[in-house]
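Working notes, structure below.
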Amino acid sequence: MAQKIVTLYIDDLTGEEAEEAQTHTFSLDGVAYEIDLGPDSYEQMLQAFGPFLKAARKTGKVKGPGAARRQAKAGGEDSAKIREWAKEHGYEVSDRGRVPANVREAYEKAH
Numbered sequence: 011m012a013q014k015i016v017t018l019y020i021d022d023l024t025g026e027e028a029e030e031a032q033t034h035t036f037s038l039d040g041v042a043y044e045i046d047l048g049p050d051s052y053e054q055m056l057q058a059f060g061p062f063l064k065a066a067r068k069t070g071k072v073k074g075p076g077a078a079r080r081q082a083k084a085g086g087e088d089s090a091k092i093r094e095w096a097k098e099h100g101y102e103v104s105d106r107g108r109v110p111a112n113v114r115e116a117y118e119k120a121h
């Protein structure tokens, strides 16, 4: 029996398929958020935040639960690769949304 696994990337704002969707993080009033957006939706978010970002003060890079995710992305590792590895190694992960931190950490340790 052959099996074909298809991963669809969905833009959280539009609900539409977006091959180039990426996960973006931001925080507001101490609450961290993640959102998966295609390039057009990300540009829309940047335009909305723009005036506030220009007037704001930078306080440095955010460290915490999302740090491993940012490091993985910076190294070119994307969620699809991590999901594939996790499934091959017995981890239960959903086909979209956030990859659990323990799975990302296990992936990073293995690589």
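Per this note's numbering, the sequence shown starts with residue 11, numbered consecutively. For every residue, glycine included, the Cβ atom is placed at its ideal position computed from N, Cα and C. Note that the structure is a prediction, hence the values are computed from the model and not measured.
Handout entry: Helix, strand or coil at D21 according to DSSP, with G and I counted as helix
Key = Your numbering for residue 21 matches position 11 in the sequence shown. Note: D21 maps to coil in three-state DSSP.
Exercise for the section: Would you mind reading off the limits of the alpha helix (DSSP H) that contains Y101? Expected result: Indexing the sequence shown from 1 puts residue 101 at position 91. Element bounds for Y101: n/a, residue is neither H nor E.
Handout entry: Through-space distance from E94 to V103, alpha-carbon basis
Key = Stepping through the sequence shown from its first residue, residue 103 is reached at position 93. Stepping through the sequence shown from its first residue, residue 94 is reached at position 84. One C-alpha to the other measures close to 9 Å.
Exercise for the section: With a threshold of 16 other CB atoms inside 10 Å of the CB of I15, please say whether the residue is buried or exposed. Expected result: Locating residue 15 in the sequence shown gives position 5, counting from the first residue. Classification for I15: exposed.
Exercise for the section: Using DSSP bridges, identify the partner residues of I45. Expected result: Taking the first residue of the sequence shown as position 1, residue 45 is located at position 35. I45 is bridged by DSSP to H34.
Problem - Own chain residues within Cβ distance below 6 Å of Q54, not counting five before or after - result: Counted from its first residue, the sequence shown places residue 54 at position 44. For Q54, where only same-chain residues beyond five positions count, there are no Cβ hits under 6 Å.
Handout entry: Simplified DSSP state of E26, which is helix, strand or coil
Key = Taking the sequence shown and counting its residues from 1, the one referred to as residue 26 is at position 16. DSSP places E26 in the coil class of the three-state scheme, outside both helix and strand.
Handout entry: CB-CB length for H34 against I45, believed under 8 Å
Key = Numbered from 1 along the sequence shown, position 24 holds the residue referred to as residue 34. Numbered from 1 along the sequence shown, position 35 holds the residue referred to as residue 45. Between I45 and H34 the Cβ distance is about 6 Å, and since that is below 8 Å, they are a contact.
Practice task
Taking only beta-carbon positions, decide if G60 is within less than 8 Å of chain C.
Solution key: No chain C is part of this structure, which consists of one protein chain only.
Exercise for the section: Starting from K68, trace the alpha helix (DSSP H) both ways and give me its first and last residue. Expected result: Here the question's residue 68 lines up with position 58 in the sequence shown. From DSSP, K68 is part of no alpha helix (DSSP H); its letter is neither H nor E.
Practice task
Throw me the rounded Cβ distance for the D22 and L47 pair, which I believe falls under 8 Å.
Solution key: As a position in the sequence shown, residue 22 is number 12, starting the count at 1. As a position in the sequence shown, residue 47 is number 37, starting the count at 1. Contact flag correct, Cβ pair sits at about 6 Å.
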